[in-house]
Structure formats: structure tokens, C-alpha cells
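The structure appears right after this line, and notes come after that.
Protein chains: 2
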Amino acid sequence: MSRREEAKEFNRARIRAAAEDIIRRDGIAQLSMRRLAEQADVSLRTPYNLFGSKADVLIALLDEAECQLSPLADMYPASSAIARLLGTLAGIETFFAHDEEYFRGIYAAIMTSDHHGAREAGVGRTITTAQQMVARAAAQGELRADTDTAALGRYCGIALLAVLGMWGSGFLSISQCIAQTRRTWLAALLHHASEQTRAGLLDAYYETCGKGDANDR
Amino acid sequence: MSRREEAKEFNRARIRAAAEDIIRRDGIAQLSMRRLAEQADVSLRTPYNLFGSKADVLIALLDEAECQLSPLADMYPASSAIARLLGTLAGIETFFAHDEEYFRGIYAAIMTSDHHGAREAGVGRTITTAQQMVARAAAQGELRADTDTAALGRYCGIALLAVLGMWGSGFLSISQCIAQTRRTWLAALLHHASEQTRAGLLDAYYETCGKGDANDR
DNA sequence: TAAAATATTGACACGCATTATAAATATATT
DNA sequence: AATATATTTATAATGCGTGTCAATATTTTA
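Those protein sequence lines, which keep their order, are chains A and B. Per the working numbering, the first sequence starts with residue 11, numbered consecutively. Per the working numbering, the second sequence starts with residue 11, numbered consecutively.
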């Protein structure tokens with residue numbers, strides 16, 4: 011990395027740190043570009059040079075955190091592809107829950123910005139991941155062979171993203187949000203489960219929404 | 011209505027009309043309070059006096075339209091409570107689809123505003139409606155008697171609202187959005203269906219996501 | 001009809017994200 | 001060491017939603 015790039019990365023880090031500090035100290039509403047520049051000790055223009063926009067700064071903050079999120083998916087024993095799917099969901103909850111207000115603020119700010127590009131990238135990534143996981147489940151015989159894994163994965167990804175939006179708006183806590191998604195995923199997966207996985211999924215479904223709430227045993 | 015109230019209502023109508031005109035002509039991004047005031051031929055302050063905020067103007071636009079939405083739910087034959095649930099969904103699609111970009115802009119703008127009160131009211135109303143419809147289905151024996159209708163209705167309402175958010179963000183068309191919701195509703199309802207409704211629901215489910223995509227017959 | 005209550009207006013200000021411009025400064029290349 | 005290039009800086013400007021407040025117009029009340 012050239013000295014020029016080093017200096018840029020140093021400034022980027024300072025700006026990220028200042029942004030995080032402001033959000034943690036006074037809340038996302040207090041994060042303005044002027045204050046950010048002042049606290050990071052750079053000019054107003056610099057964050058625009060180095061990130062692009064306010065939303066891009068926040069996206070960088072989220073990306074930084076997601077480096078810590080990825081290993082979390084592996085935290086749960088991937089005894090099966092479907093267990094891995096559900097484990098990822100649990101990992102998301104664990105990760106966001108330990109710092110819920112901080113992440114909610116960032117997520118909401120990104121979502122309410124008119125910065126379409128970055129959002130679409132995140133949506134695409136989530137859907138692709140979901141599709142891959144569903145495809146693996148089918149490949150391992152946990153779902154019936156004729157399952158349209160692309161459609162089912164897309165359905166699951168969208169369900170997660172949609173409900174995360176309600177988390178960002180403050181209507182659901184992250185745990186409510188994950189419970190809702192889990193229920194949606196399980197209900198859908200159950201319709202495609204192969205014989206040997208069906209019973210286990212039913213148990214998981216009961217666990218999510220209560221025995222009295224599901225009775226198709 | 012006193013003459014004073016008449017004048018206010020007249021101005022309100024002019025402002026609504028101007029807002030609609032700007033949105034239709036140049037898109038929601040061009041709707042600023044300054045331009046709105048100019049086009050409605052009132053002062054910049056007047057929309058604030060008469061509505062409260064920009065978001066309130068948009069909410070008024072949506073409310074105005076929703077008067078036409080309500081009868082749509084009755085458009086579909088309510089042969090059963092569940093048919094009525096699904097019919098309402100179809101009604102929402104029909105209504106928004108005939109003017110998709112116009113409504114999408116308004117919806118997105120309201121959702122991305124920090125006007126929490128009105129949004130919460132809308133969310134509450136949707137969830138309550140869903141709960142009532144699910145309760146009616148249970149009362150008529152279409153769902154098993156031990157179904158937790160409050161939880162299931164809430165689940166369905168949130169699923170709809172969450173996906174509508176993705177419509178507002180531009181990630182889904184209204185028809186994709188309704189298809190996703192329909193699938194979620196059907197998958198959940200199927201787990202609570204009584205014997206005599208189960209077969210019909212399965213058919214509806216197939217219709218939504220394709221035969222190859224659901225195979226638990 | 002005079003007085004009081006109320007609504008609208010106008011000109012202003014604030015803080016916001018973002019962009020433009022040009023000067024100053026650091027780095028890279030020759 | 002001199003030149004060329006990239007980046008940051010300072011400053012100002014644009015347009016945005018919203019707020020203040022006094023002045024003015026209109027309606028209601030006495």
C-alpha cells in the first residue's frame with residue numbers, strides 16, 4: 011500500500027471511529043457531517059472524498075462490524091444444512107442484540123437514505139446466501155429433490171430482509187424480528203421437507219410459535 | 011362547518027391537489043414544501059398550519075385514496091373467512107397496481123420520514139384487522155379451535171407490513187410483494203387449518219408458488 | 001358596528017446533506 | 001531537485017424541512 015493509500019486509510023479509520031463515538035455517545039440523530047468532520051479532525055469535504063456520502067460512512071461501519079458477524083454463523087453446530095440456516099439466523103440475532111440500539115440506528119439511517127446502490131447490493135447478497143443455503147439443504151436430501159431452491163431461497167431471503175426493515179423502523183425488537191423470520195422460514199421449509207427432516211422441523215416450529223399455535227402433527 | 015373551517019378545508023384540498031399534481035408530473039423527489047406552497051398558491055407556512063408536516067400531507071393523500079380501497083375488499087366474494095383474507099390481499103394489489111409509482115412514492119416517503127406516530131397507527135390498524143380476520147376464520151371452524159388467533163393474526167399482519175416496506179423501497183413490485191405475502195399467509199394458515207379447509211388452502215398455495223415448489227400433498 | 005379571536009402571510013433564521021471552487025499541501029514521478 | 005499529480009482544506013453556495021414572530025386579513029363574538 012502506497013503512502014498515499016495509507017494516509018487515506020488512516021483518515022478513513024479516524025472518521026469511522028468518530029462516527030461510532032458520536033452515535034454511541036449521543037445517538038444517530040446527532041451524527042451530522044459537520045460534527046463528524048470536526049470530531050475526526052478533517053475537513054467537511056474529506057468524508058465525502060473517502061466514503062462518498064453519509065450513508066456510505068454508515069455502510070462502512072456496518073461492514074466493519076460484519077467482519078465480526080461472519081464467524082458467528084459457524085458458532086452453531088452445522089449438523090445439517092437446515093440447522094445451518096437456522097443457526098445463521100440465531101447468529102444474526104446474537105450479533106445485533108448485543109448492541110441493538112447502535113446497530114438499529116445505523117441500519118435505519120441507511121435504509122431511510124436514498125442511497126439505492128448499496129442497499130441493493132446488501133439485498134442481493136442476502137438473497138444469494140439464502141439461496142445457496144437452501145440449495146445445499148436440497149443437495150443433502152433435507153429438502154425434496156424437486157424443490158425450486160432458487161425460488162424458495164429468494165423467498166426466505168426477502169422474508170428476512172423485509173422483517174429487518176421493521177426492526178430498523180423500531181416496530182420490532184431484534185428478537186421479535188428473528189422469531190418472525192424463523193417462523194416464516196420453518197413454515198415454508200416444512201412444505202418442502204423430505205421425510206426424514208420433517209419431524210425435526212416440526213419440533214423447531216413448535217419451539218418458535220408455541221404448541222397451541224401449531225397443531226398439524 | 012363554519013366559514014373559517016370551510017376556508018381551511020378549501021385550502022387543504024388545494025394543497026392536496028397540488029401535491030398530487032407535482033408527484034404525478036415530476037415524481038415524489040420534486041415535491042418540496044416550497045414548490046408545494048407555490049403551486050397551491052399559499053404561503054410556505056400554510057401547509058404546516060393545515061397538515062402539520064410534509065409527511066402529514068402525504069398521509070392525507072393516502073387517506074384520501076384509502077377511502078376508495080375499503081370497498082375493494084368487498085369486491086371479492088367472501089365465501090369464507092379465509093377467502094376474505096386472501097381477497098383483501100388481492101384487493102390491495104389491485105388498488106396499488108393501478109397507480110403503482112404514485113403510491114409507491116408516497117408510501118416510501120412516509121416510511122422514510124421520522125414521523126413515528128402516524129406510522130405506528132397504520133401498523134396497529136393493519137395488525138388489528140389481520141387479527142380480526144383470523145379470529146373470524148377460527149370462529150367459523152376454518153382454523154382449528156386451539157389456534158392462537160391473536161398471535162397468528164399479528165404474524166400475518168407483520169408479514170404484510172414488512173414486505174410492503176420492500177415495495178416502498180423499490181425492491182419488489184406490488185405483485186411480487188403480494189405474492190410473497192400470500193405465500194407466507196398460506197404457509198402459516200396451513201399449519202392451523204382444520205380438516206375441511208386444508209385441501210383448499212393447499213391448492214391456493216400451489217397456485218401461488220407453483221406445483222414443483224410445494225409437494226406435501 | 002366595534003372588539004376580540006383566529007388564520008394566513010412574509011421575511012427571516014437554523015441546521016441539515018451535498019456540491020463547487022480554488023488555494024494549499026502532501027506525495028509520486030522524472 | 002524539480003515537476004506533476006492527488007488530496008485536503010477553507011469557504012461559500014444550493015436546496016431541503018422546519019421554526020419564529022410580527023404584521024395583516026378575516027371571521028366570530030359582544
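Even for Gly, the Cβ is constructed at its ideal location relative to N, Cα and C. Computed from a predicted structure; not experimentally measured.
- Output, in chain order, the set of chain A residues within a Cβ distance shorter than 7 angstroms of Ala198/B. Ala197
- Message: Using a Cβ-Cβ distance cut-off of 8 angstroms, determine whether Asp73/A contacts chain B.
- Response: no
- Task: Check whether the Cβ atoms of Met164/B and Ile137/B lie closer than 8 angstroms to each other.
- Result: Here residue 164/B turns out to be Arg, not Met, going by the sequence shown. The answer is yes: Cβ separation under 8 angstroms.
- Measuring alpha carbon to alpha carbon, tell me which of Ile188/B, Ser63/B and Ala28/B ends up nearest Ile168/A. Ile188/B
- Message: Is Ser42/B close to chain A? Criterion is C-beta to C-beta, closer than 8 angstroms.
- Response: no
- Quick one: measure Cβ to Cβ for Thr122/A and Thr194/B, integer angstroms, because I've assumed they're closer than 8 angstroms. The Cβ separation is near 24 angstroms, so there is no contact.
- Taking C-alpha atoms, which residue in Arg55/A, Asp66/A and Ala27/A lies nearest to Ala128/A? Asp66/A
- Any beta-carbon of chain A closer than 8 angstroms to the one on Gln190/B? yes
- Query: Does any CB atom of chain A fall closer than 8 angstroms to the CB of Val67/B?
  - Reply: no
- For Tyr58/A, decide whether its Cβ has a neighbour in chain B, counting only Cβ atoms nearer than 8 angstroms. no
- Query: Does the beta carbon of Ile168/A come closer than 8 angstroms to any beta carbon on chain B?
  - Reply: yes
- How many angstroms separate the CA atom of Phe181/A from the CA atom of Ala172/A? 12 angstroms
- Query: chain B partners of His108/A, CB-CB under 9 angstroms?
  - Reply: By Cβ distance, chain B contributes nothing, its closest Cβ being about 23 angstroms from His108/A, past 9 angstroms.
- Please work out which residues of its chain come closer than 7 angstroms, Cβ to Cβ, to Ser204/B, disregarding the five sequence neighbours upstream and downstream, and give them in chain order. Gly151, Glu152, Leu153 and Arg154
- Item | Cα-Cα separation between Met43/B and Asp51/A, rounded to whole angstroms | 35 angstroms
- Task: With DSSP collapsed to three states, give me the class of Ala224/A.
- Result: Here Ala224/A scores only 47 on pLDDT, less than 50, and its place in the model should not be relied on; the value that follows carries that caveat. Three-state DSSP puts Ala224/A in coil, outside helix and strand.
- Roughly how many whole angstroms lie between the Cα atoms of Ala243/A and Ile33/A? Absent from the structure is residue 243/A, since the part of chain A shown begins at 11 and ends at 227.
- Item | Short CB-CB distance (under 8 angstroms) between Phe181/A and chain B | yes
- Starting from Glu152/B, trace the alpha helix (DSSP H) both ways and give me its first and last residue. Run containing Glu152/B: none; DSSP gives neither H nor E here.
- Task: Return yes when the Cβ of Ile25/B is within less than 8 angstroms of the Cβ of Leu46/B, no when it is not.
- Result: yes
- Tell me Ala203/B's beta-bridge partners as DSSP assigns them. Leu153/B
- Leaving out five residues on either side along the sequence, give the residues of the same chain with a beta carbon under 8 angstroms from the beta carbon of Ala149/B. Ala91
- Item | Buried versus exposed call for Cys219/B [16 or more other C-beta atoms within 10 Å across all chains shown] | buried
- When DSSP labels each residue in this structure, what does Arg8/B get in the three-state scheme? Because chain B spans 11 through 227 in this model, residue 8/B falls outside it and cannot be assessed.
- Message: Taking the alpha carbon of Arg55/A as the reference point, which residue from Leu174/A, Asn21/A and Tyr215/A has its own alpha carbon closest?
- Response: Asn21/A
- Since Met176/A meets chain B, which of its residues come closer than 8 angstroms, beta carbon to beta carbon? Ile168, Leu171, Ala172 and Gly175
- Establish whether the CB of Thr122/B and some CB of chain A are separated by less than 8 angstroms. yes
- Could you check where the alpha helix (DSSP H) with Leu96/A kicks off and where it finishes? Ala91 to Ala107
- Message: Tell me which residues of the segment 146-166 of chain A have at least one Cβ-Cβ distance to chain B shorter than 8 angstroms, keeping chain order.
- Response: Arg154, Asp156, Thr157, Asp158, Ala161, Leu162 and Tyr165
- Message: Please report the straight-line C-alpha distance between Gly132/A and Ala119/A, rounded to a whole angstrom.
- Response: 14 angstroms
- Item | Coarse secondary structure for Gly127/B, derived from DSSP in three states | helix
- Query: From the beta carbon of Arg14/B, is the nearest beta carbon of chain A less than 8 angstroms away?
  - Reply: no
- Anyone know if the C-beta pair for Leu162/A and Ile116/A falls short of 8 angstroms? no
- Message: Just checking: is the beta-carbon of Arg135/A within a distance shorter than 8 angstroms of some beta-carbon in chain B?
- Response: no
- Message: Quick check on the burial criterion: 16 or more other C-beta atoms within 10 angstroms. Buried or exposed for Cys166/B?
- Response: buried
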